[in-house]
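Everything on this sheet refers to the single structure shown next.
There are 2 protein chains.
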Amino acid sequence: MKIGKITIVGLGPGNISEMTPKARLAIETAEVIAGYNIYIKLIPEIIGGKKIIGTAMMQEVARCQMAIEESRAGKSVAVISSGDAGIYGMAGLIIDMILKLPESEQPKFEVVAGVSAVNAAAAILGAPLMHDFAVISLSDLMTDWELIKKRVECAAAGDFVIALYNPKSKKRVTNILEVQQILLRYKNKNTPVGIVTNAGRIDERKVISTLENFTNEEINMFSLVLIGNSQTYVKAGFMITPRGY
Amino acid sequence: MKIGKITIVGLGPGNISEMTPKARLAIETAEVIAGYNIYIKLIPEIIGGKKIIGTAMMQEVARCQMAIEESRAGKSVAVISSGDAGIYGMAGLIIDMILKLPESEQPKFEVVAGVSAVNAAAAILGAPLMHDFAVISLSDLMTDWELIKKRVECAAAGDFVIALYNPKSKKRVTNILEVQQILLRYKNKNTPVGIVTNAGRIDERKVISTLENFTNEEINMFSLVLIGNSQTYVKAGFMITPRGY
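Chains A and B are the protein sequences, given in the same order.
231 is the number of the first residue of the first sequence in my numbering; add one for each residue after it.
231 is the number of the first residue of the second sequence in my numbering; add one for each residue after it.
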């Protein structure tokens, strides 16, 4: 039997108008769609009557396994992530699993890039990412917390703009407070901090605060936190990191 | 006279299929398009007969000034950047210039995010960005070279995946060599390095090398260089940074 192709697709922030035509085509032409349930619900109009492998969060390995089985049964499969599939999305895991198969059993695959959450959040805040930046996930589920803290410290020492993915969840509420304390050792307490929740979705929300105060704002697992560098300023409700023209 | 709106638009990597519908609509509905000539030539089919403010590189301030003048003459203007306008693009400069005007003379503005070069390059290489990463421009035109080197050092010390924008130009050829030497102090000489040139364009080219050898490859101002972290591996021509499921 011919093995079907797997396309790993970034949906963008979560509305059709910010999904690339290439991503949309990949989904429309796939026979099977695999992805976290919440993301599948974001795009009902293009998923139509397709077969869905929709699992809850934290079942990534099972989902990829099912996607590979579908491809080996001859189906074309789109594995979807919100944002960009290559940034804390499904690309790494599924490629890793595909390449571990015997060569004759490997499906062909392609990654289709998307507008990532960090780009979407930055656009909503103004232009906070205009200079060198570091992207760090505060989820310590699969990464040692000491390493995450070290990265925060290195990024702060280098005066990077810092984007925090997975800043807080129901069970994980103190990591962001520890990170704030590390950052306060390197950055001015008045450094602008932007929080964008549900970027690009109907319930999008943005707040601009300071390094000293931002942890008083509502932050959840759909939030992205952007911390300015030493030059970042706030004006008229926008956050801008100048590049010095 | 009513002031026209300015939309700051990221085109994505440079082909229509990776431009979001929102970006396309912003360009199609604008009366005037402002952008670096090379980017305007990437999308002739949607620019049609519009008025173009196309300047050469390094004339960013003049281009933004002309865009603002057009908006103050009542025109709607799209200011375009390749990739994402918020990452080393035009968003920061033009917002900065708009917010310096007296409030009554400020055009309304909006940033439309795009697929950035780093996302596009990562998708072509496989999944190199699956863990925390730092984005650094090696252009020392507007940033002190000592600060850039310090950032490279901090990113290496934190075992970040590192994405280098503007790695090399005709006049600037030694920066990348100095960066390589810094990285070799922290990272294994066999660390995978991916180079993607003209990502998403017809003359796209990818090479996967090592930290020890990558500077022997052709690198130019349209290249993006991605340096792995300590876990990144290469298999079957793809570069993957695992996340540890």
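The C-beta atom is built at its ideal place from N, Cα and C for all residues, glycine as well.
All values derive from a computational prediction rather than experimental measurement.
| Asked | Found |
| --- | --- |
| Arg-415 of chain B: first and last residue of the uninterrupted alpha helix (DSSP H) it sits in | 405-416 |
| Local Cβ density within 10 Å of Ala-429 of chain B, reported as buried at 16 or more and exposed below that | buried |
| Alpha helix (DSSP H) segments (min. 4 residues) lying fully within the segment 301-341 of chain A | 321-329 |
| Chain-ordered chain B contacts of Phe-363 of chain A [CB-CB under 9 Å] | Ile-317, Ala-364, Val-365, Ile-366 |
| Extent of the continuous alpha helix (DSSP H) run through Thr-259 of chain A | 251-259 |
| Cβ pair count under 8 Å reaching 3, the segment 379-388 of chain A against the segment 418-433 of chain B | no |
| Three-way DSSP call (helix, strand, coil) for Arg-473 of chain A in this model | coil |
| Test: Asp-326 of chain A CB closer than 8 Å to a CB of chain B | yes |
| CA-to-CA distance, Met-372 of chain B to Val-409 of chain B, given in whole angstroms | 18 Å |
| Outcome for Asn-245 of chain B when other beta-carbon atoms lying within 10 angstroms are tallied against a minimum of 16 | buried |
| Interface partners of Phe-390 of chain A on chain B, CB under 7 Å | Ala-364, Arg-381 |
| Cutoff 8 Å: Lys-297 of chain A Cβ touching any chain B Cβ | Here the sequence assigns Ala to residue 297 of chain A, which means Lys is not the residue at that position. Not closer than 8 Å to any Cβ of chain B, the Cβ of Ala-297 of chain A fails to qualify, so no. |
| Contacting positions in the segment 248-270 of chain B - beta carbon closer than 9 Å to chain A | Glu-248, Met-249, Thr-250, Pro-251, Lys-252, Ala-253, Arg-254, Leu-255 |
| CA-to-CA distance, Leu-441 of chain A to Ile-425 of chain A, given in whole angstroms | 11 Å |
| Candidates B:Leu-454, B:Ala-303, B:Ser-247, B:Ala-315: closest to Leu-255 of chain A by CA position | B:Ser-247 |
| Option nearest Ser-439 of chain B by Cα separation, candidates B:Val-423, B:Ser-453, B:Ile-432, B:Leu-454 | B:Val-423 |
| Beta-carbon gap between Val-403 of chain B and Asn-459 of chain B smaller than 8 Å | no |
| Cα-Cα separation, Met-327 of chain B to Glu-448 of chain B | 37 Å |
| Given 8 Å, three or more beta-carbon pairs between the segment 340-351 of chain B and the segment 460-473 of chain B | no |
| C-beta atoms of Ala-308 of chain B and Ile-257 of chain B nearer than 8 Å | yes |
| Test item: CB-CB of Ser-311 of chain B and Gly-265 of chain B under 8 Å | yes |
| Spatially closest choice to Asn-446 of chain B from B:Ile-378, B:Lys-398, B:Gly-474, by CA coordinates | B:Lys-398 |
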